[in-house]
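My numbering puts the first residue of the first sequence at 459, with every later residue one more than the last.
No residue lacks a Cβ here, since even glycine has one placed at the ideal position from N, Cα and C.
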Amino acid sequence: MLEDSREQSGHPRGERDGDRGPSRPAIADSWLARSAPEVAPELVGCVLVRRVGETVLRGTIVETEAYTADDPACHAYRRQTKRNAAMFGAPGLVYVYQIYGIHRCVNIVTLREGVADAVLIRALQLEACPPDEVATTQRQLDRLAAGPGKLCRVFGIDLPLCGTRLDPAGELWLEARSPEFSDGLDRGELQLVQTARIGITRGVEIPWRWYLKDCPAVSKKG
DNA sequence: TGAAGGATTTGT
DNA sequence: CAAATCCTTCAC
């Protein structure tokens, strides 16, 4: 079991006390062996964990989108290429791509090897400000990972991670929803909203975007 | 071999 | 609403 990184002394601001709880169980590849539209809403509430050296960053997923092999918006819709090859891999692989020459976006590959299904992680709710970031207000912290490009920048997710496997012993992995999050959904205190996907030109009508209602860390408008 | 354009973000 | 910015993808 992975221990949280020890608290670094000397961070005068931005650190909060919410990062000491026990880690949730890591999500198994078998759990991801379902179609992307099935997995995507269930990934909301799960935690994306990133380790870079001694630093461990955690963020609750609050917005996702699903892409499938027969979906015209999918990068792998036409055929397998060098860029999208990871999407054809086994569930539990990571697919990272560069967009507009500037940003990176990260996907979780689902379903099964040979079929290009993946879930785009679009926004994270951070519990604490990463050491290299600046967030003096709660609002700034909320917006730090509010978007697929922003969360990759904050988590240091780049192209070398493309094709690697989610692994609690590695640099990137997923943890299951907390009981509190699941209870919140059960009680209706937390609600998932399903809408059309954002920023695409094909498959525009397909409603495969999910986000946490009223969450301040969701990209654009909730 | 070349050009178009993209699962975005930011500022005007 | 347009720029930034780069490399994959697809057409010639």
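Within the segment 529-570, the complete beta strand (DSSP E) segments of 3 residues or longer fall at 552-557 and 561-567, listed in chain order. Counting along the chain, no alpha helix (DSSP H) covers residue 627, and no H or E run does either. DSSP lists 523 and 653 as the beta-bridge partner residues of residue 667. Contact between residue 484 and residue 602 is absent: CB atoms are separated by about 24 Å, not below the 8 Å threshold.
Taking residue 499 as reference, the option from 554, 545, 568 and 539 with the minimal CA-CA separation is 568. For residue 507, the uninterrupted beta strand (DSSP E) segment begins and ends at 505-510. In this structure, 653 is the residue among 653, 646 and 678 with its C-alpha nearest to the C-alpha of residue 663. DSSP places residue 607 within a helical segment (H, G or I) once states are collapsed to three. According to the DSSP assignment, residue 643 belongs to the alpha helix (DSSP H) that extends over 637-645. Contact between the segment 546-558 and the segment 506-522 is not established, with fewer than three Cβ pairs separated by less than 8 Å. Residue range 576-584 is occupied by the beta strand (DSSP E) that includes residue 581. Beyond the five residues adjoining it in sequence on each side, residue 486 comes within less than 7 Å, by CB distance, of no other residue in the same chain. The alpha carbon of residue 672 has as its nearest neighbour, out of 502, 649, 586 and 578, the alpha carbon of 649. Residue 573 sits in coil when the DSSP states are folded into three classes, being neither helix nor strand. As computed with DSSP, residue 513 is found in a beta bridge with 510. Between residue 545 and residue 630, the alpha-carbon positions lie close to 17 Å from each other.
CA-to-CA, the gap between residue 594 and residue 536 works out to about 45 Å. Between residue 606 and residue 578 the beta-carbon gap is near 6 Å, inside 8 Å, which marks them as a contact. Using a Cβ distance threshold of 8 Å, residue 581 and residue 482 do not count as a contacting pair. If you ignore the 5 residues before and after residue 674, its C-beta comes within less than 6 Å of the C-beta of 600, all in its own chain and listed in chain order. Residue environment: residue 597 is assigned as exposed (fewer than 16 neighbouring CB atoms within 10 Å of its CB, all protein chains considered). Distance from the Cα of residue 527 is smallest, within the candidate group 620, 626, 543 and 521, for 543. Leaving aside the five residues that flank residue 588 on each side, the residues in its chain whose CB is nearer than 7 Å to its CB run, in chain order, 515 and 612.
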